[in-house]
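So for the sequence shown, this note's numbering puts the first residue at 184; every next one is plus one.
Glycine residues also receive a C-beta, built at the ideal position from the N, C-alpha and C atoms.
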Amino acid sequence: LLSRRCERESAARPPACAEPPARSHMSSASSSSFFIDPVVAHSPRQKKRQAPRSDTPPTESRGLGDRFVPQRSAMDLDVSNFELTRGSRDGHGGVNASPAKEEYKKVLAAKLFGGSATNKVLSFNAKPPPPREDHQSSLRVLFTRNRDAGLLPKKYSRHIPQAPERILDAPELLDDYYLNLLDWNERNVLAVALGDSIYLWNASDGSIQQLMQTSGDNSHVTSLSWVQDGPYMAVGTSDHKVQIWDVEKLKQVRSMSGHRARVSSLSWNGPLLSSGGRDSVVMHHDVRVAEHKVGTLRGHAQEVCGLKWSPSGTQLASGGNDNILNLWDDRYTSSANGVCDQPLLRLEQHRAAVKALAWCPWQRHLLASGGGTADRMIRFWNSSTGACLNAVDTHSQVCALQWAKHDRELVSSHGYSHNQLILWKYPSMVKVAELTGHTSRVLHMAQSPDGTTVVTAAADETLRFWKILSGGEASKKERAAAKESILNSMTIR
């Protein structure tokens with residue numbers, strides 16, 4: 184009975200999987216307009232639009248590169264080791280166990296590494312200086328630092344010996360401030376007057392020979408000067424004569440008169456020889472003609488102890504015991520009557536005798552002059568205007584001056600009261616070196632033809648050779664460094 188009842192109930196119920204009654208065409212269409220199957224429905228495929236063509240090349244991706252090379256000079260290996268091993272020491276993968284332990288590590292790192300707070304193991308560049316508070320942009324500090332690093336040339340320093348390279352005896356060297364008894368020519372032969380004789384020392388082979396000896400009981404050599412290029416030497420004597428000697432033949436070729444007192448200074452300008460004497464006049468001699476006297480300059484009241492032609496041969500500087508420095512034009516040598524009483528410039532700033540004179544070989548119209556014991560000043564002049572460019576108190580008598588041929592330096596020799604040599608840097612006039620060794624005033628000084636050595640003659644009857652100049656080597660290095668810095672300034676790194 185139960186089985187038949189269940190069969191009747193199941194036959195009366197519709198099956199669960201029976202389809203719903205079919206909808207009309209209109210209802211199907213309307214429902215499809217509101218219900219779209221997201222899987223089946225899709226928009227039609229559209230053609231991809233192309234960007235317009237441009238002539239500008241595409242910009243590549245500027246990555247950071249595939250490797251980095253650290254700078255060991257900017258690294259602290261102790262800090263690097265500390266950072267690498269800190270996690271393993273903690274035992275928790277770098278996580279601190281407690282705030283107290285973290286504070287202890289900070290204090291320990293500050294004590295060990297000087298308070299440099301860093302978490303980097305490698306350093307790829309040096310840190311720039313911190314910007315000032317008034318800087319508008321901190322990036323300007325980076326730009327300025329990199330710019331100056333490429334433009335500043337390297338400084339080259341050289342060793343300057345404090346002792347002379349060689350010492351020679353000079354017996355009977357006259358202790359007279361107003362004489363000029365030493366000269367070194369381009370053929371590397373040094374001439375020095377000792378009493379009534381002149382001796383020649385060949386610096387190439389060390390040979391010595393006597394050139395001449397004056398005649399007369401009280402006659403002696405008071406000045407000498409080599410011709411610029413040739414085997415001839417001019418000699419002034421105490422008996423008012425100017426002599427010309429052929430050094431190769433050891434023979435006097437000419438004797439010229441005109442002065443009324445000793446001839447204490449000489450200077451060549453090509454074939455023209457100028458001589459200054461105790462009679463306070465300067466005479467010009469043309470050694471090519473029989474009538475040698477071609478001009479007379481009268482601008483001093485006392486002995487003319489300093490005389491130098493400029494490298495260009497257009498100006499003559501004369502210094503006297505009357506504390507006057509005169510500048511003469513070369514055109515005065517061919518005046519109508521041969522006599523000139525008015526110098527081109529008359530400079531009266533010195534307060535003692537002006538013996539030390541030196542024309543700058545690498546700057547036109549620059550003249551250096553030194554004063555005696557009561558003055559002690561080195562002054563620099565513009566010979567075209569007469570302006571005093573600078574003045575330095577040396578605190579001792581200035582006996583001689585020599586410009587370096589290859590560097591911007593000046594050497595001065597001194598008398599009372601220090602008897603020293605000083606190497607100056609021009610134009611700052613900072614002392615590069617101060618050399619002592621002479622026991623009496625250093626009266627005369629000359630420079631070797633290669634520009635590396637100066638020789639001094641002092642009243643202690645010694646000649647001392649000082650190799651204190653660079654001879655052009657430092658200048659070449661500075662020029663190479665300046666060229667290298669210019670090339671570096673054109674690169675980024």
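### Query
Mind checking whether S408 and W367 have CB atoms under 8 Å apart?
8 Å or more divides the Cβ of S408 from the Cβ of W367.
### Task
Determine which residues share a DSSP beta bridge with I605 and list them.
Bridge partners of I605: S595 and E617.
### Message
Considering only the alpha carbon of each residue, which of V372, G399, H627 and S390 lies closest to V410?
### Response
V410 has its Cα closest to that of V372, out of V372, G399, H627 and S390.
### Query
Can you tell me the Cα-Cα spacing of S623 and N509, whole angstroms?
The straight-line gap from Cα to Cα measures roughly 29 Å.
### Contained beta strand (DSSP E) runs [length at least 3] in the segment 503-567, N- to C-terminal order
Taking only runs of at least 3 residues, the beta strand (DSSP E) segments lying wholly in the segment 503-567 are 508-512, 528-530, 537-542, 549-554 and 560-565.
### Query
Below 8 Å between beta carbons: does that hold for P414 and D429?
Yes. Within cutoff.
### Query
Which same chain residues, not among the five before or five after V575, have their C-beta less than 6 Å away from its C-beta?
Only I561 and M612 meet the Cβ criterion.
### Query
Could you give the C-beta distance for C582 and S596, rounded to a whole number, given that I count them as a contact under 8 Å?
Yes, they are in contact, since the Cβ atoms of C582 and S596 sit about 5 Å apart, within 8 Å.
### Three-state secondary structure (DSSP) of I675
Residue placement at I675 is poorly supported in this model, since its pLDDT is 40, which falls under 50; the coordinates still yield a value, given next. I675: coil per DSSP, three-state reduction.
### Query
Where does P204 fall in DSSP's three states?
Its pLDDT being 48, under 50, P204 is placed unreliably in this model, and the value from its coordinates should be taken loosely. Looking at P204 - three-state DSSP - the assignment turns out to be coil, as it is neither helix nor strand.
### Task
Could you work out which residue in E592, T635, N573 and D643 is closest to N602 when comparing CA atoms only?
Taking the Cα of N602 as reference, the smallest distance to any Cα among E592, T635, N573 and D643 is reached at D643.
### Message
What does the alpha-carbon distance come out to for the pair E617 and W649?
### Response
Computed Cα separation, rounded: 12 Å.
### Identified DSSP bridge partners for R437
Residue pairing by DSSP places R437 opposite I427 in a beta bridge.
#### Entry: Other residues of its chain near A535: CB distance less than 7 Å, five sequence neighbours each side excluded
Closer than 7 Å at the Cβ level, and outside the excluded window around A535, lie N506, G554, G555, T556, A557 and D558.
### Simplified DSSP assignment, three categories, for Y287
Judged by DSSP in its simplified three-state form, Y287 adopts helix.
### Message
Let me make sure I understand the geometry here. Which of V418, G496, P494 and V470 has the alpha-carbon closest to that of G459?
### Response
Ranking the options by Cα distance to G459, first place goes to V418.
#### Entry: Closest by C-alpha distance to L606, when choosing among G598, S600 and E592
Here the closest residue by C-alpha is E592.
### Query
Residues in its own chain within less than 6 Å of A629 by CB, not counting five upstream and five downstream?
Sequence-distant partners of A629 (beyond 5 residues in either direction) whose C-beta falls short of 6 Å from its own C-beta, in its chain, are L365, D366, W367 and V638.
### Query
So which of T479, A444 and S447 has the shortest CA-CA distance to L455?
The residue with the shortest Cα to Cα distance from L455 is T479.
### Message
Whole angstroms are fine: how far does the CA of P344 sit from the CA of K424?
### Response
Cα to Cα, the separation comes out at about 41 Å.
#### Entry: Secondary structure of K432, DSSP reduced to three states
Note: K432 maps to coil in three-state DSSP.
### Query
What residues are listed by DSSP as bridge partners for G459?
DSSP output for G459 lists S448 and V465 as bridge partner(s).
### Task
Buried or exposed for R647, please, with buried defined as at least 16 other CB atoms from any protein chain shown within 10 angstroms of its CB.
Residue environment: R647 is assigned as buried (16 or more neighbouring CB atoms within 10 Å of its CB, all protein chains considered).
### Query
Anyone know if the C-beta pair for G489 and V537 falls short of 8 Å?
Result yes, Cβ atoms of G489 and V537 sit closer than 8 Å.
### Query
So the beta strand (DSSP E) Q396 belongs to, where does it begin and stop?
I391 to Q396 is the span of the beta strand (DSSP E), which, as asked, contains Q396.
### Query
Rounded to a whole number of angstroms, what is the C-alpha to C-alpha distance between L260 and K288?
Per the coordinates, the alpha-carbon of L260 lies some 18 Å from the alpha-carbon of K288.
#### Entry: Three-way DSSP call (helix, strand, coil) for N401 in this model
If DSSP states are grouped into helix, strand and coil, N401 belongs with coil.
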